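Count along the sequence shown starting at 1, add 310, and that's the number in my numbering.
Cβ atoms here follow ideal geometry from the backbone N, Cα and C, with glycine treated the same way.
The structure displayed is predicted, hence computed values, not measured ones.
Single-structure report; data block below.
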Amino acid sequence: MHRSTPVPPTIVLVHGAFTDASSWAGVISLLHAAGLTVRAPANPLRGLAQDAAYIRSVVRDIDVPVVLVGHDYGGAVITHAATDADNVVALCYVAAFGLDAGECVLDITNRFAPTPVAEATFTVALPARIPGGPDSELYIRKERFQHVYAADLPPGVREVLSVAQRPIACSALTSRSGPPAWASKPSWYAIATADRLLNPTAQRFMAQRMAAVEYVLDGSHAVVLSQPDAVVAMIREAAEQGNDRDDDGLRQGFWASE
């Protein structure tokens with residue numbers, strides 16, 4: 311006798327500015343230990359439309375349900391990328407930008423009281439500009455990185471992150487988002503209450519606007535590294551509840567028989 315069983319979702323982790331996919335290392339290890347399949351693509355950080363198109367192509371190549379997770383600017387990317395992705399069953403934001411239609415990252419940061427990062431960044435012109443590409447990038451000053459980005463990590467780890475940071479194209483911060491995926495997909499949001507890069511009040515505003523399930527974590531902007539257990543607890547909840555949903559045809563065709 312055969313019975314239908316839901317296919318476990320693949321977890322796609324999208325990093326934000328000033329870091330790379332290795333920031334998910336602890337989260338990935340815990341998700342693997344829980345038996346979940348994980349993808350952690352490199353977010354180009356070149357512009358919202360381009361970055362979302364790339365993540366959308368990654369998601370479309372996965373033939374099972376997907377839980378999309380974004381940290382920092384990665385939240386803006388998944389918001390823009392998942393609108394028409396039928397296999398995305400849930401969205402998770404970790405101290406991330408959950409933009410509304412027509413919004414950009416700077417709209418959110420300018421709407422709330424400034425954080426220390428406002429005076430800790432600097433812009434660098436690209437030495438060799440690619441036609442049609444960005445002409446400048448944003449970094450966090452090395453001597454301020456530890457304070458504004460990763461205050462709750464060990465000194466040695468903070469030092470490594472500060473010298474290995476990946477810059478974001480300045481134009482990505484002013485790129486306007488399309489219709490938000492969170493308007494039609496269930497969402498979760500981990501608010502980092504000690505964040506000195508993205509105002510926690512802004513995070514709470516975005517979480518409530520999208521009617522997300524809230525996880526409140528006492529951590530810095532680097533909470534994906536400092537509290538991977540709590541982040542994974544949220545992701546697993548989203549994966550379990552997303553996999554139980556069968557409305558609006560979200561999981562049509564994603565069933566296996568055993």
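_Restricting to runs no shorter than 4 residues, where is the alpha helix (DSSP H) found entirely within the segment 482-560?_
For the segment 482-560, whole alpha helix (DSSP H) runs of length 4 or above, ordered along the chain, are 510-519, 533-536 and 538-554.
_Residue environment, THR329, which counts as buried when at least 16 other CB atoms sit within 10 Å_ = A buried status is given to THR329, since no fewer than 16 other beta-carbon atoms sit within 10 Å of its beta-carbon.
*6 Å Cβ shell around ALA521 - same chain, five flanking residues per side excluded*: For ALA521, where only same-chain residues beyond five positions count, there are no Cβ hits under 6 Å.
*Rounded to whole angstroms, what's the CA-CA distance from ASP396 to GLU453? Just pull it up for me.*
44 Å
_Quick check on this structure: which residue in ARG519, ALA532 and ILE478 has the alpha carbon closest to the alpha carbon of GLY357?_
ILE478
*Over what stretch of residues does the alpha helix (DSSP H) that includes VAL337 continue unbroken?*
VAL337: member of the alpha helix (DSSP H) spanning 335-343, first to last residue.
*Below 8 Å, can you find three or more Cβ-Cβ pairs linking the segment 507-517 to the segment 469-485?*
no
*What are the start and end residues of the alpha helix (DSSP H) that includes TYR383?*
383-391
_Let me check one thing: in DSSP terms, what residues is THR582 bridge-paired to?_
Given that the chain is displayed from residue 311 to residue 568, the structure contains no residue 582 and the question cannot be resolved.
*asked:* Could you compute how far the alpha carbon of ALA435 sits from the alpha carbon of LEU448?
replied: 9 Å
_Applying the 10 Å Cβ sphere with the 16-neighbour rule, what's the burial state of PRO426?_
Exposed: under 16 other Cβ atoms inside 10 Å.
_Inter-residue Cα distance where the pair is VAL376 and LEU416_ = So the alpha carbons of these two residues sit roughly 28 Å apart.
*asked:* Less than 6 Å between C-beta atoms, sequence neighbours within five positions excluded: which residues of the same chain meet that for ALA549?
replied: PRO319 and VAL377
*To which residues of the same chain is GLY271 closer than 7 Å at the C-beta, ignoring the five residues directly before and after it?*
Nothing about residue 271 can be reported from this structure: the residues present for the chain run from 311 to 568 only.
*Per DSSP, SER332 forms a beta bridge with which residues?*
Bridge partners of SER332: none, in fact.
*Option nearest ASP373 by Cα separation, candidates ILE418, ARG349, ALA423 and VAL526*: ARG349
*With VAL398 as the anchor, note down where its beta strand (DSSP E) starts and where it stops.*
398-406
*Measuring CB to CB, does PRO280 end up less than 8 Å from VAL337?*
Any question about residue 280 goes unanswered here, given that the chain covers just 311 to 568.
*Which class does GLY412 belong to by DSSP, given the choice of helix, strand or coil?*
coil
*Three-way DSSP call (helix, strand, coil) for LEU346 in this model*: coil
*From THR433, GLY380 and PHE455, residue whose alpha carbon lies closest to that of ASP445*: THR433
*asked:* If you reduce the DSSP assignment to three classes, tell me which class LEU471 lands in.
replied: helix
_Any contact between the segment 339-348 and the segment 407-414? By contact I mean 3 or more CB pairs, one from each, below 8 Å._
no
*Any idea which residues DSSP pairs GLU447 with across the strands?*
VAL434 and ALA479
*Quick one: grab the DSSP three-state call for PRO375.*
coil
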